[in-house]
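Asker:
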Amino acid sequence: MFCGECGTKNEKGAKFCEKCGAKLEVAEEKKESPKAQQQPVKTSKPMTKQNKIIIAAVSAVVVLLIAFVAVGSSLASPKRLVKNYMDAISTKNYDKLYSYMVNVESGDKTFVSKDAFKEIYKAQESEMRKITNYQLGNIEYGLGKLTATVPVTYTYEGGNGEKDVDIKLQKSNKKTLLFFDKWELTSSFTVKVVEDYQITVPNGATVVYAGIKVDKKYLDKNKSTSTNDVYVLNQVLGEKTPIKVTLKNGIVIEDTDTPSKYYNTYTARVKSSNISEAMKTTLTKQAKDDLKGIYAGVLANKRFAELNSKSFDSKLSSSYESYLSSLQASSRKLTKMDITDVKYYSISSTTDGYLELQVKMYFDYTVSYDSVGETKTKDKSTYDYVYLTYEMSGKSYKLRNVRSLPTYFSIY
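Right, dumping it as structure tokens:
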């Protein structure tokens, strides 16, 4: 080993130069490490087209399943049902409303059908307030999530401020979209179904109930009588329903009725509120003609058999003869009766199916009377209320009774 300072050779292993004393640098022997053994590289086989298709298909199914669960849960939620229900009310979508409000699984569905439902609610449109806006609150569950309540705040056309309503739902024992819970409106928000609804009309009348003509197959012959037909409808909706009855003589009765469990019968009766103005005019005109015919007879002292009127029924004989006798027995002799006008006052139907018309009769009359041995006359204008009873004979009306004809004629 040589000194790096002075070049003196020193003994192997010496740390300092024996001549100059400089520190000797000992060179480290480099040990050559054995070469690392190279591992062979494994090459993977390329994925087949079939495997790629399978993986893609599985991924797509997973994505679709997640989406189905998310969408299904949303669509089947109580809040979604209430939203759809409120939308249907706002837009008057009667097809949708029917699916939420009517549940009929069996029996004759003629008068509980979607068509009947639509006719009922269209007839009520003028009474229904249009919802202009609404907002849903948070769902409140009850009875272990068997029931749900969704609060709704809404405004309506012409209303003053907001209104609140709690819409209640119950869980059905059925499923929707195969797997999800199905919710339904509780009975407070659905239409009740009334069974064995009975309609009584005069013989031969045709009936249209909720826009549907009532077929003869619903006629109950055991309950019908010689004057009335009785129809029994298996199922009807418990809502205010339009009823149209057309009598044999053409009189049309337009009415409404609200069937219920405790009130499931309807009897068609003629009254001022359910016949047309045209019909009132027709009947009043006939009443005027008939009254003129009666007074033409009594002024001529004719017996009923001598009268020649096709509109007089033989039953009128009794009231006509009685009136004629009362005038003949009076000390004041009716010598002139001029009916100037007859106005409609009211109409009704009797229990035996006849029409009773009340009119206000305006007339000018002349009576002669004895005044201390001297015959005098008195002319006067006045009015009185008269009742005329008509029988329905085909398409015409026959007068069968008259009452309240004036018997007292003032001379003052």
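According to the UniProt record's numbering, the residues represented by the sequence shown are 1 to 412, in order.
In this text, a Cβ means the ideal position worked out from N, Cα and C, and glycines have one as well.
Would you check if there are 3 or more beta carbon pairs closer than 8 Å linking the segment 189-201 to the segment 224-237?
Answerer: Yes: at least three Cβ pairs fall under 8 Å.
Asker: Excluding the 5 residues preceding and the 5 following F68 in the sequence, name in chain order all residues of the same chain whose CB lies nearer than 6 Å to its CB.
Answerer: Residue placement at F68 cannot be trusted, given a pLDDT of 41 that sits under 50; the coordinates are not used to answer.
Asker: Quick check on N10: does DSSP put it in helix, strand or coil?
Answerer: coil
Asker: Looking only at its chain, what residues have a beta carbon closer than 7 Å to the beta carbon of E254, apart from the 5 residues adjacent to it on each side?
Answerer: K244 and N274
Asker: Starting from P202 and walking both ways along the beta strand (DSSP E), at which residues does that stretch end?
Answerer: V193 to P202
Asker: Apart from the five residues just before and just after L291, which ones in its own chain have a Cβ nearer than 6 Å to its Cβ?
Answerer: Excluding positions up to five away in sequence, the list reads I339.
Asker: Name the DSSP beta bridge partners of residue 448, please?
Answerer: With the chain covering 1 to 412 only, the question about residue 448 has no answer from this structure.
Asker: Could you round the C-beta distance between Y156 and T190 to whole angstroms and report it? I think they count as a contact, below 8 Å.
Answerer: Y156 to T190, Cβ: 21 Å. No contact.
Asker: Would you call the CB atoms of residue 413 and V367 closer than 8 Å?
Answerer: Because the chain here runs from 1 to 412, residue 413 falls outside it and cannot be looked at.
Asker: State the CB to CB distance for the pair V236 and M279, rounded to an integer number of angstroms; the pair is presumed to be in contact (CB under 8 Å).
Answerer: That belief does not hold up - the Cβ atoms of V236 and M279 are roughly 27 Å apart, past 8 Å.
Asker: Could you have a look at R129 and say whether DSSP puts it in helix, strand or coil?
Answerer: coil
Asker: What residue ranges within the segment 327-387 form continuous beta strand (DSSP E) runs of no fewer than 3 residues, ordered along the chain?
Answerer: 333-349 and 355-371
Asker: Can you tell me the Cα-Cα spacing of S318 and L405, whole angstroms?
Answerer: When rounded, the distance between both Cα atoms is 14 Å.
Asker: Spatial neighbours of V71 within its chain, please: C-beta separation below 7 Å, excluding the five flanking residues on both sides.
Answerer: Note that V71 scores 44 on pLDDT, short of 50, meaning its location in the model is unreliable and no value can be drawn from it.
Asker: Under a Cβ-count criterion, where at least 16 other Cβ atoms within 10 Å of its own Cβ denotes burial, should residue 415 be classed as buried or exposed?
Answerer: The displayed coordinates of the chain run from 1 to 412. Any statement about residue 415 would go beyond what the structure contains.
Asker: Does DSSP put K109 in a helix, in a strand, or in coil?
Answerer: coil
Asker: Please go through the same chain and pick out, in chain order, the residues whose beta-carbon is closer than 8 Å to the beta-carbon of D289, but skip the five residues on each side of it.
Answerer: S311
Asker: Hey, is the segment 372-388 in contact with the segment 341-361, meaning 3+ C-beta pairs nearer than 8 Å?
Answerer: yes
Asker: Which same chain residues, not among the five before or five after I66, have their C-beta less than 7 Å away from its C-beta?
Answerer: Note that I66 scores a pLDDT of 49, beneath 50, so its modelled location is shaky and nothing firm can be said.
Asker: Counting only the same chain and skipping the five closest in sequence on each side, list residues whose C-beta sits under 6 Å from that of L148.
Answerer: According to the sequence provided, residue 148 is Ala. The question's Leu does not apply to it. Excluding five sequence positions before and after A148, the CB atoms of its chain that fall closer than 6 Å to its own CB belong to P78, I139, Y141 and L169, given in chain order.
Asker: Please confirm whether A116 and G211 have their CB atoms less than 8 Å apart.
Answerer: yes
Asker: When you compare only the Cα positions, how much space is there between T256 and V270?
Answerer: 13 Å
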